[in-house]
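In this note's numbering, the protein residues as written are -11 to 126.
Even glycine gets a Cβ: it sits at the ideal position worked out from N, Cα and C.
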Amino acid sequence: MRIKSSGFLAMALAVLLLVISCGDDDKASPTQPNNPPTEPVNDVAAGSPADGATGVSRDPILRWTCSDPDGDQLYYDVYFGTETDPRIAAGNLSDPLFAPLTDLGFGVTYYWRVVAKDGSGEKTSSPIWHFRTVTSGK
């Protein structure tokens, strides 16, 4: 009888060790890859000048929409200026809008783009958009 109970005890101990060593692996998920933000889109519906627009006021507010497939908080760098490849004008904005600090020139073409960034270092750039301001103050 003693031999049978020893065998049962050994088997029970082996099963217990197996369960403990396996842990709760099904609850732990492997690290998921981080996805980049979606491409920023010029939000013309919210009043941003359309790409190629003319007669735009000298104090526009540039707006865009963007999201992150992982739900990460997004930050934006805005590139803005009169060159076709504009330089950075503002960085790490948390809201998807940018208003130049001074009135823009009359009849000048401006170019802009947005780079959306998430907290994991992924980033996505918009295309370069452009618009031309009004030609006079009349």
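* residue 115 to residue 95 span [Cα, whole Å] -> Within the sequence shown, numbered from 1, the residue matching residue 115 stands at position 127. Within the sequence shown, numbered from 1, the residue matching residue 95 stands at position 107. Across the structure, residue 115 and residue 95 are spaced so that their CA atoms are roughly 22 Å apart.
* Cutoff 6 Å; reference residue 14; Cβ partners in own chain excluding five residues on either side -> Along the sequence shown, one-based indexing puts residue 14 at 26. The predicted model places residue 14 with a pLDDT of 42, which falls under 50 and marks its position as unreliable, so this point remains unresolved.
* **Collapsed DSSP secondary structure at residue 38 in the structure displayed** => Looking up residue 38 in the sequence shown gives position 50. DSSP places residue 38 in coil when its eight states are reduced to three.
* Flag this pair as touching only if the segment 65 to 79 and the segment 104 to 120 have three or more C-beta atom pairs under 8 Å; answer yes or no. => As far as the Cβ criterion goes, the segment 65 to 79 touches the segment 104 to 120, which means the pair count is three or higher.
* Asked: Using CA coordinates, which residue listed in 103, 93, 63 is at the minimum distance from residue 80?
  -> Working through the sequence shown from its first residue, we reach residue 80 at position 92. For residue 80, the nearest C-alpha among the options comes from 63.
* Asked: Relative to the C-alpha of residue 52, which residue among 109, 103, 97, 61 is closest?
  -> Position 64 of the sequence shown holds residue 52. When only C-alpha atoms are compared, the closest one is 103.
* Asked: What's the gap between the Cα of residue 90 and the Cα of residue 47?
  -> The count along the sequence shown starts at 1 and reaches residue 90 at position 102. The count along the sequence shown starts at 1 and reaches residue 47 at position 59. Straight-line Cα distance between these residues: approximately 7 Å.
* To do: Could you tell me which residues DSSP pairs with residue 85 in its beta bridges?
  => Against the sequence shown, residue 85 aligns to sequence position 97. Beta bridge pairing from DSSP links residue 85 with 51.
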